[in-house]
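Protein chains in written order, with our numbering: chain D, 538 to 883; chain P, 538 to 883; chain C, 538 to 883; chain H, 538 to 883. Worksheet: one structure, shown below.
There are 4 protein chains.
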Amino acid sequence: MIVVMSAAGTEAQRNAVIARLVDLGLRGQEIVGESRTVIAVLGNVYPELRDELGTMDGVDEVLRVSKPYKLASREVQQDDTVVRLPHGVAVGGGRPVVMAGPCSIESESQLWEAARGVRDGGAHILRGGAFKPRSSPYSFQGMGVPGLQLLRRAGDEFGMPVISELLSVRDVAAVAQYSDVLQIGARNMQNFVLLEEAGKTGKPVMLKRGLAGTIEEWLLAAEYILNQGNPNVILCERGIRTFETATRNTLDLNAIALVRRLSHLPVISDPSHGTGKWYLVKPMSMASLAVGADGLMIEVHPSPDHALSDGAQSLTPANFAALMRAGAALGAALGRPFADMPQRVA
Amino acid sequence: MIVVMSAAGTEAQRNAVIARLVDLGLRGQEIVGESRTVIAVLGNVYPELRDELGTMDGVDEVLRVSKPYKLASREVQQDDTVVRLPHGVAVGGGRPVVMAGPCSIESESQLWEAARGVRDGGAHILRGGAFKPRSSPYSFQGMGVPGLQLLRRAGDEFGMPVISELLSVRDVAAVAQYSDVLQIGARNMQNFVLLEEAGKTGKPVMLKRGLAGTIEEWLLAAEYILNQGNPNVILCERGIRTFETATRNTLDLNAIALVRRLSHLPVISDPSHGTGKWYLVKPMSMASLAVGADGLMIEVHPSPDHALSDGAQSLTPANFAALMRAGAALGAALGRPFADMPQRVA
Amino acid sequence: MIVVMSAAGTEAQRNAVIARLVDLGLRGQEIVGESRTVIAVLGNVYPELRDELGTMDGVDEVLRVSKPYKLASREVQQDDTVVRLPHGVAVGGGRPVVMAGPCSIESESQLWEAARGVRDGGAHILRGGAFKPRSSPYSFQGMGVPGLQLLRRAGDEFGMPVISELLSVRDVAAVAQYSDVLQIGARNMQNFVLLEEAGKTGKPVMLKRGLAGTIEEWLLAAEYILNQGNPNVILCERGIRTFETATRNTLDLNAIALVRRLSHLPVISDPSHGTGKWYLVKPMSMASLAVGADGLMIEVHPSPDHALSDGAQSLTPANFAALMRAGAALGAALGRPFADMPQRVA
Amino acid sequence: MIVVMSAAGTEAQRNAVIARLVDLGLRGQEIVGESRTVIAVLGNVYPELRDELGTMDGVDEVLRVSKPYKLASREVQQDDTVVRLPHGVAVGGGRPVVMAGPCSIESESQLWEAARGVRDGGAHILRGGAFKPRSSPYSFQGMGVPGLQLLRRAGDEFGMPVISELLSVRDVAAVAQYSDVLQIGARNMQNFVLLEEAGKTGKPVMLKRGLAGTIEEWLLAAEYILNQGNPNVILCERGIRTFETATRNTLDLNAIALVRRLSHLPVISDPSHGTGKWYLVKPMSMASLAVGADGLMIEVHPSPDHALSDGAQSLTPANFAALMRAGAALGAALGRPFADMPQRVA
């Protein structure tokens, strides 16, 4: 940590900062520059120290020099984390996986049709929402546990691991019982209690980036899960909120490239939520694979114009299959082919 | 709802839209404009319809013409909601109230010193956090239930209603037992399960705006609480996330002025979180009162440079008292004086 | 400047950084911390050095410790700048001024009616646009020089200094000939050639903050004008672009409070552009005065629903007069009354 | 245009709107919905009408149904625009081109070394800045006309068309004399006078998206150039400003995919400015090609750690060559190979 003193700062003020550091068992080293003096803080600093020093007289600014996340950092673990799922599916480590299925589970027939479509198209993991976060209380809120049970059966029948979202600590047990991966949505990225409880299950957790989540906050949120002794964390970029309203969100591929450098955790791209427009899903999927994403999450619905949620961003099974063919060609050229298809016997 | 057909849209496509509406028990009225045709949807539309129609061939865009929130709207209730608290304190209806106290409850002595300071300074409601949302798992997370018990005792002793944050459905019962107002923080604005559970308690709920929450989403989140039959909702603007990093957040006073027009719910301003800098708290408090806020929420700590959280944005009791004196003068000039001081006997 | 070496940085990499600094006539001081080593750069650093060092092997980040602007800073000049205009009007130094008039000058009768209204209402400075930046080439682009001539005559007749915008270096001479203050609009905040040319005229310049302009960039843009030897710079906050679309822009009053602390230059608030809605202009004007703005810029049009530009944010003369009465009461309470009315004889 | 009346709107208010439309030679069609009445405006509407109607009593909102840009729209021209440059280079129409070179032209030797590197690496067009927009007046501002002359000579010697930025109407003639493409930078996207003057030269113009420019505003800015009878417009996405600061900007590939659908104009991606970090340039270049960009603009400097501007985002010639090899493989897989190399004889 570096304490920048104001240009008009006095010796007494600098001494007070140094004395305060000594009180805390730390040490301050004064560095006299051309225009101002800074004090380097030496010792085992803690994040709150920044705010504390920031209020002292004569202090202009306090700069951090170390990253606040540890377990999620490549400095701590160089090799890619690989998250292993049933049916021999592995997330991370070089070969992208595809998670696909309906936004909401609506009925057995809808789910079966979607599952067949995505399995035939080449998806590795079946997604389906049973608990849905909806901005309006008057919108369809999901089927709940019966939806989870359908998802489990569909996964077993089509031979794919499944992923489903949990909205609340109340749902943790149910989702952990039926789903192979627990998804934490964008609105819950900083629902810290939920992160801890999901972490405690030991099951793989996919953590979406919040609409206003910085990359650093996102990795710190992952740290909450990792800190429970659960290394099976998958990150998912799903678009941030910017001034641009022509797309529903701004899918931030820069973040995927940067996270792969900063962290060993696998990172998935969700162009369906990221753009909100079905006709942008394919080009942004190609771009996601090209930038180095460890996988895609794609909404597929047998008839998007009858979907109970997010129809505007869902693909038909036929469009999904076309996307997968294009992605396979791209992966071959990049030397990053899709992962092998899931094995029927888990 | 208005369906905008693309310039190249065909008659068959328009007919398909209209047929779809008829299937749904609605009606479509075609309006032929200079450059394109639109179809007005008549009948009782539901929000999802927008996405559904948006995927149909030949449809360019679907525009909404009604507001998605109802119970929170001034169209439904013209008069200001007044939320009544113990000690005769009323939030809303013309005379601003001030909530003040430490970000985190750290100890009995710290809380008592802060409570005495804010009571003497003229605050109406004592705030104090027992469950703290912290972006890093390595930061102080709050005292939990013992903190709530201290807060209750301090409120009783100093004769003020108290407010404290809940982070999870797990905390609802405890916070509802000890606190007069349940605070839902910015990170939980769209934690819909929490909104519902807080609503069910029937206790007053203060709902902070999310960092990336639009005004419409904020009112919809309030709708989740109101929809549980709980009319005691207080809104709180606490700064949004923008590109500007010179302030911690951008306290959005435009939103306060607009919400007062769109909704009957009282709206509080939190310049401590909104700016993140103690020296901006006073000017932004004055501006909040001038723009018509129903109150202020201010962090006060006996010694901000030793605070376990958010020290950089906390006032000393002396600075708080100065702020209150300036606010009183301003309120007199505006014809909106502060509410009467809380009565000792609740 | 502080060079943060990566955790895995080697001694050879640190030595290379230090050798590079020596080559540049600077000096590097190594500071060995708990988790990483940093190198403090001593000597007369230049801004580009940050990028240069940032690409060297083993360097993780380069942090700046001094502000990049100088002439605009309170560190260089403690006292408020006061910009003196004809008719005895002074901008800055404690008593707010009000600039008012139509967005666009449309005709003699429209301008005279508006000028009479704002003068009677208590405005100090007459505004009117002759060159209009319009996002569409198909919109009204302003009257040009004949408009400027009308504005000059109106100012003389009603006894007020006038302000008008210039869009291009092409307009500098004309606007400088007819207008007492040259306004540089938000879209041109970083039109550096225009800043320099406006600065060279020696006339007062009002510089609006860009839609995406940080406070630091805004002060640096002012520095371009000041650096021409022209101290007469007025800043104007007019709303930034954020994710919120319920208001046209987000008028950032935090920035006004912060700029008054960082800089000695006067800063005006423009709630008309800042909110885009006439019914938010009065509350945000009150808030602007309360936060410490040195003045207001308000759009007034005799009949806003017939305005050729920005009707939705214009006040009628009657609404303007009501705003001024409320502002006068507020100013009295704050000890910051409006400046005296302009003197008829310049 | 659709006029949404407030729920409490009266018949008299609706009649006033309709009467106003009749006055303007337009027609209003009333549509009575479940919760409110809307009035569809029929006839040849103009953009300002929205603001005008928005201030009338009883009007809640005015929605636009047609796009404000025309010449830039695919509705007007279905086929891709192809911009033809010297040396047989064509921008647009399916085969991506690469523009590369130093951010700033610093000297003959620096430019020659860079030009040789990018030509050998496979670039089609040589870029180099002679007039540099710098946020600080104390930074290097470019070589000016002598720099342009060097660029012209380098282009001729290495057999490549050249592109250079103009900052002001003052530079138009000089840049048009020496450069094959006139570049308008992000800060000037809405410098409407400059757009018109650049358009009048008839030379190809590359228009960068502003930091806070919406896609619609960007296309409207292009319309200013097209409206001068100059069809040779190239768009360039270079990153928008968002809350995320871990990357310098947020390169918005969603915008590239969407613009290709909305407009016939070619669109280039600039990952150097878009990310601000040299190690993100290659992955984001791959993603840009995969999303369908018509080309790349890449900063290349012989020794980035000695660059006078933007060193942190520049590639070495070796890294550039590696990027081009990867791009060629990707293009082959996508069926969109790079354009043929420029012919030596123009």
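Don't be surprised by glycine CBs; every beta carbon is placed ideally from N, CA and C.
Assigned secondary structure, residue i (DSSP; H/G/I helix, E/B strand, else coil)
i, result
"K819(C)", "helix"
"E645(D)", "helix"
"M861(C)", "helix"
"G679(P)", "coil"
"G638(H)", "strand"
"D560(H)", "helix"
"G766(P)", "coil"
"R664(D)", "strand"
"R881(H)", "coil"
"G659(C)", "coil"
"G565(P)", "strand"
"E571(H)", "coil"
"L852(C)", "strand"
"D831(H)", "coil"
"T812(C)", "helix"
"Q720(P)", "strand"
Buried or exposed (CB count within 10 angstroms, at least 16 for buried), residue i
i, result
"A896(C)", "In the structure as shown, chain C begins at 538 and stops at 883. Residue 896(C) is therefore absent and cannot be evaluated."
"D807(P)", "buried"
"Q727(D)", "buried"
"V569(P)", "exposed"
"E836(C)", "buried"
"T784(D)", "buried"
"G638(D)", "buried"
"A844(H)", "buried"
"V712(C)", "buried"
"V559(H)", "exposed"
"N552(D)", "exposed"
"S705(C)", "buried"
"Q678(P)", "buried"
Residue i and residue j closer than 7 Å at C-beta
i, j, result
"P839(D)", "S673(P)", "no"
"G626(H)", "P698(H)", "With the sequence shown as reference, residue 626(H) is identified as Val, and Gly is not the correct amino acid for it. Closer than 7 Å, so yes."
"L829(C)", "G776(C)", "Going by the sequence as given, residue 829(C) is Gly instead of Leu. Result no, Cβ atoms of G829(C) and G776(C) do not sit closer than 7 Å."
"I642(H)", "G684(H)", "yes"
"E598(D)", "V541(D)", "yes"
"L687(P)", "L719(P)", "no"
"G736(H)", "I762(H)", "yes"
"M821(H)", "L788(H)", "yes"
"A577(D)", "Q566(D)", "yes"
"A794(D)", "L817(H)", "yes"
"V619(H)", "N769(H)", "no"
Residue i CB to nearest heavy atom of the ligand ADP below 6 Å
i, result
"D693(H)", "Absent from the structure shown: the ligand ADP. Ligands present: none."
Would you list, in chain order, the members of the segment 594-608 of chain D that have their beta-carbon closer than 7 Å to a beta-carbon of chain C?
L600, V602 and S603
The segment 868-883 of chain C contacting the segment 657-668 of chain C, beta-carbon criterion three pairs below 8 Å
yes
Pull out every residue of the segment 560-579 of chain D whose Cβ sits closer than 9 Å to any Cβ of chain C, in chain order.
Q566, I568, V569, G570, E571, S572, R573, V575, A577, V578 and L579
Touching by the beta-carbon criterion (3+ pairs, under 8 Å), the segment 743-752 of chain C and the segment 736-750 of chain H:
Contact between the segment 743-752 of chain C and the segment 736-750 of chain H is present, with at least three C-beta pairs closer than 8 Å.
Listed from N- to C-terminal order along the chain, which residues in the segment 835-852 of chain H have their beta-carbon within a distance smaller than 9 Å of any beta-carbon of chain D?
none
With three or more beta-carbon pairs closer than 8 Å as the criterion, would you say the segment 845-858 of chain P touches the segment 579-599 of chain P?
no
Taking any Cβ of chain D, which residues in the segment 662-683 of chain C have a Cβ under 9 Å from it, in chain order?
none
Residues within the segment 763-796 of chain C neighbouring chain D, beta-carbon criterion of under 7 Å
Here the close residues are R778, T779, F780 and T782.
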